[in-house]
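For the sequence shown, our numbering assigns the number 128 to the initial residue and increments by one for each residue that follows.
Beta carbons: idealized from backbone N, C-alpha and C, even for Gly.
Following: one structure in structure tokens, then a few remarks.
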Amino acid sequence: MGKKENRPVACAASGTASTCDYDSTFVSAGQDMTENGLIRTVTEEYLAGIDVDIRPAPEDVERELLQATNNAIEAYNLGPRDPSAPVGASLNDAYPDQKKGDARLRLRKHLDPYQIALIVRELHHAVGIRLDDSNSDDNFDIGVYQFDGVNEGTYDTSRLGLERLIRSYDMAISARNVDETVAILRAICPVRQKTKDPELVVVNNGVYDYTSKFLMGFDPEFVFTEKSHVDFVEGAKNPVIHNDDDGTDWDVESWMEEFSDDPAMVNLLWQVVGATLRPNVTWNKTAWLYSDSGNNGKGTLCTLMRNLLGDGAWASLPLKAFSNPFMLEPLSRVSAIITDENDTGTFVDDAAALKSIITHDPFLMDRKFKDPRSVLFNGFMVQCVNELPKLRDKSESLYRRLLVIPFEKRFEGRERKYIKDDYLKRKDVLEYVLYKLLATTDYYELDVPQTCIDMLEEFKLENDPVRQFAEEVFAEATWDLLPYKFMYDCYRHWFQRNVPSGRPVGRNAFLKSLKGLAAECGWLVQDKVRSDGRMDRPEPLILEYDVREWMNSGYTGSDPGRKCMPDLAESYRGFVRVSTAGSDDGKETDSENKED
Numbered sequence: 128m129g130k131k132e133n134r135p136v137a138c139a140a141s142g143t144a145s146t147c148d149y150d151s152t153f154v155s156a157g158q159d160m161t162e163n164g165l166i167r168t169v170t171e172e173y174l175a176g177i178d179v180d181i182r183p184a185p186e187d188v189e190r191e192l193l194q195a196t197n198n199a200i201e202a203y204n205l206g207p208r209d210p211s212a213p214v215g216a217s218l219n220d221a222y223p224d225q226k227k228g229d230a231r232l233r234l235r236k237h238l239d240p241y242q243i244a245l246i247v248r249e250l251h252h253a254v255g256i257r258l259d260d261s262n263s264d265d266n267f268d269i270g271v272y273q274f275d276g277v278n279e280g281t282y283d284t285s286r287l288g289l290e291r292l293i294r295s296y297d298m299a300i301s302a303r304n305v306d307e308t309v310a311i312l313r314a315i316c317p318v319r320q321k322t323k324d325p326e327l328v329v330v331n332n333g334v335y336d337y338t339s340k341f342l343m344g345f346d347p348e349f350v351f352t353e354k355s356h357v358d359f360v361e362g363a364k365n366p367v368i369h370n371d372d373d374g375t376d377w378d379v380e381s382w383m384e385e386f387s388d389d390p391a392m393v394n395l396l397w398q399v400v401g402a403t404l405r406p407n408v409t410w411n412k413t414a415w416l417y418s419d420s421g422n423n424g425k426g427t428l429c430t431l432m433r434n435l436l437g438d439g440a441w442a443s444l445p446l447k448a449f450s451n452p453f454m455l456e457p458l459s460r461v462s463a464i465i466t467d468e469n470d471t472g473t474f475v476d477d478a479a480a481l482k483s484i485i486t487h488d489p490f491l492m493d494r495k496f497k498d499p500r501s502v503l504f505n506g507f508m509v510q511c512v513n514e515l516p517k518l519r520d521k522s523e524s525l526y527r528r529l530l531v532i533p534f535e536k537r538f539e540g541r542e543r544k545y546i547k548d549d550y551l552k553r554k555d556v557l558e559y560v561l562y563k564l565l566a567t568t569d570y571y572e573l574d575v576p577q578t579c580i581d582m583l584e585e586f587k588l589e590n591d592p593v594r595q596f597a598e599e600v601f602a603e604a605t606w607d608l609l610p611y612k613f614m615y616d617c618y619r620h621w622f623q624r625n626v627p628s629g630r631p632v633g634r635n636a637f638l639k640s641l642k643g644l645a646a647e648c649g650w651l652v653q654d655k656v657r658s659d660g661r662m663d664r665p666e667p668l669i670l671e672y673d674v675r676e677w678m679n680s681g682y683t684g685s686d687p688g689r690k691c692m693p694d695l696a697e698s699y700r701g702f703v704r705v706s707t708a709g710s711d712d713g714k715e716t717d718s719e720n721k722e723d
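Structure below.
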């Protein structure tokens, strides 16, 4: 079936014809065509005649395609014209093979779901966008390319946006047919991976190549679902803003320098802001902005980051949300997590999703009343904390992902609310920050100052009583051999004194953790080590923590040295000081077996 050569000229406003007549000769030649085949052919040929760069309004497409469809149906119902019928013959004489009864196709009042699905695919460049790196058949969302508007250059994967688009081609469409249209789209759209190139940064007016420092135009071949809503302006200047009310001058460079007297810390804060703009770089860190009091600027810095990205590109998820997979649904659509409020006393029970999000690995996202799905989050996470949270996961694999940034300044006195409410929203300020972070930098890792390294070590001790115990007891011990049983007995008494409201871990969990920490403290894990020569002196830890289980039961006097010299076995399994370990000692082991 083909279009007539005398198809009316395209409308100036929409780029399509005002009527869509189809040559009945072509329809007649396809009398064995199914109804679905007829509808598909009409729709495909109509859409092929539209320039997607000057797409007509949805109501025009609906009207024209409906007319073209009904024209084709009428031609199909008439059948081929009898070539011997004279001019002026009656309809029945000219078309003797007209369809009758159930063979006749009914004229349409609405576009059907398949037609709307084809429109969305062809005119709006709809594709399936995978949620992770797998090739799973159904783990994707339908994304609709935005040719204009605030999200120009990105794909909208929201169900609401897709439903609105579908309804724009039939305002009376039923909810059932909306679902059917979406199902058809999932069947007919090509499925694509998101663009993962770490050098490409989507900004408000194009795609910036971080390596070549060059701004390119938008292109549907780039599959992005979010962008910065700030224009890249080559050579943007740092604006200085004067406040007539208090006589102050403000600029963003000077303001950033106020956060710390350490230039390395200021540089790190700039890098953190820049990391939120470059979601495809695997930073392998999450930034925790920490201060135990207010008026330190953490929240205002978060405002700058949010304004740089714009609405829809970031989500606010507190740390406790990562223990609840139902809370993570927004991460399929955003490129940054920026949270300026976390509850005091936060406890992260399950850090699996947290680690996956930091390292850009897939995690399982639960959905209410729907099947869970595997999701890969590409982006950077910033959390503000007034109290360092407690983590059940105390592994180095998690600790090395944490970048704890202390905010030590206090901005007392008159609060300058206009910085947050006005200055950090200004177009020229944001354009300068964007230009600085993209055009004048060249980094792919965060430069961590010693202050942050020290802060992380403090956090490790505070988060993990076993680690704190290990660092204290291994350093203070007099014996060169510390049996497993002695260490656990000592830990229980130490814990009662230092963490009176807490609950000590069990023996096996304690020993597993302690074995992982021993090497850091200068001790080896060994089996069957002779006590002779290693435990000959009194051990003051016995008295210090009142470890009665290891006091000399046969001595009733007051000499502390004799109290701390218990009767010992010939050998023990335990921890041996590295500086005293010899080749005749027991083998180093990672055994988890209980001590006899």
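Check: Per DSSP, K517 is paired with what?; Outcome: F474
Check: So, helix, strand or coil for L234, using DSSP?; Outcome: coil
Check: Could you say which of T486, V399, R527 lies nearest to C429 if we only look at CA atoms?; Outcome: V399
Check: Should the stretch 290-297 be regarded as contacting the stretch 349-364, the criterion being three or more beta carbon pairs within less than 8 Å?; Outcome: no
Check: Out of curiosity, what's the CA-to-CA distance linking R233 and P489?; Outcome: 49 Å
Check: DSSP three-state label for I111, please.; Outcome: A query on residue 111 cannot be resolved here, the shown segment of the chain reaching from 128 to 723 and no further.
Check: DSSP three-state call for R704: helix, strand or coil?; Outcome: strand
Check: Between Y682 and the rest of its own chain, which residues show a CB-CB distance below 7 Å, the 5 nearest in sequence each way excluded?; Outcome: R689, K690
Check: Roughly how many angstroms separate the alpha carbons of D148 and N198, rounded to a whole number?; Outcome: With a pLDDT of only 46 at D148, under the threshold of 50, the placement of this residue in the model should not be trusted; the figure read from the coordinates follows. Straight-line Cα distance between these residues: approximately 6 Å.
Check: Roughly how many angstroms separate the alpha carbons of F601 and Y550, rounded to a whole number?; Outcome: 53 Å
Check: If you measure between the beta carbons of L525 and A414, is that distance less than 8 Å?; Outcome: no
Check: Please determine, among A302, A604, F267, V328, the residue with the shortest C-alpha to C-alpha distance to D498.; Outcome: F267
Check: Assuming the contact rule is C-beta atoms closer than 8 Å, P452 and D493 should be a hit. Round their C-beta distance to whole Å, please.; Outcome: 4 Å
Check: What is the DSSP secondary structure of G255, counted as helix, strand or coil?; Outcome: strand
Check: Hey, how far is the Cα of I200 from the Cα of V330?; Outcome: 47 Å
Check: Report the partner residues of I368 according to the DSSP bridge assignment.; Outcome: W377
Check: Using DSSP with H/G/I as helix, E/B as strand and the rest coil, what is S151?; Outcome: Any reading at S151 needs caution, since the residue's pLDDT is 42, under 50, leaving its predicted position unreliable; the model's value is listed next. In the structure shown, S151 sits in a helix (DSSP, three-state: H, G or I).
Check: Contact between the stretch 318-325 and the stretch 247-262: three or more CB pairs below 8 Å?; Outcome: yes
Check: Please state whether the Cβ-Cβ distance between L518 and V475 is less than 8 Å.; Outcome: yes
Check: Taking the CB atoms as reference points, tell me whether D467 and G506 lie closer together than 8 Å.; Outcome: no
Check: DSSP has W650 in a bridge; who is on the other side?; Outcome: R704
Check: Can the beta-carbon of S501 be found closer than 8 Å to that of S261?; Outcome: yes
Check: Roughly how many angstroms separate the alpha carbons of F345 and N278, rounded to a whole number?; Outcome: 11 Å
Check: Looking at C-beta atoms only, is the number of pairs between the stretch 578-585 and the stretch 628-646 that lie closer than 8 Å three or more?; Outcome: no
Check: Q510: buried (16+ other C-beta within 10 angstroms of its C-beta) or exposed?; Outcome: buried
Check: Can the beta-carbon of F504 be found closer than 8 Å to that of I484?; Outcome: yes
Check: Rounded to whole angstroms, what's the CA-CA distance from H237 to G401? Just pull it up for me.; Outcome: 49 Å
Check: I want to know whether the stretch 660-672 touches the stretch 601-618 - three or more CB-CB distances under 8 Å.; Outcome: yes
Check: Taking Cβ positions, are M432 and T403 nearer each other than 8 Å?; Outcome: yes
Check: Taking the Cβ atom as the reference point for each residue, do Y562 and A363 lie within a distance shorter than 8 Å?; Outcome: yes
Check: To the nearest angstrom, how far is the alpha carbon of S151 from that of A202?; Outcome: Residue placement at S151 is poorly supported in this model, since its pLDDT is 42, which falls under 50; the coordinates are not used for a value here.
Check: State buried or exposed for A636, treating a residue as buried only when at least 16 other CB atoms are found within 10 Å of its CB.; Outcome: exposed
Check: Using 8 Å as the threshold, is the C-beta distance between T473 and K354 below it?; Outcome: no
Check: Quick one: measure Cβ to Cβ for T170 and L192, integer angstroms, because I've assumed they're closer than 8 Å.; Outcome: 6 Å
Check: Give me the DSSP bridge partner(s) of D336.; Outcome: L327, F341
Check: Determine the contact status of V367 and V556, defining contact as a CB-CB distance below 8 Å.; Outcome: no
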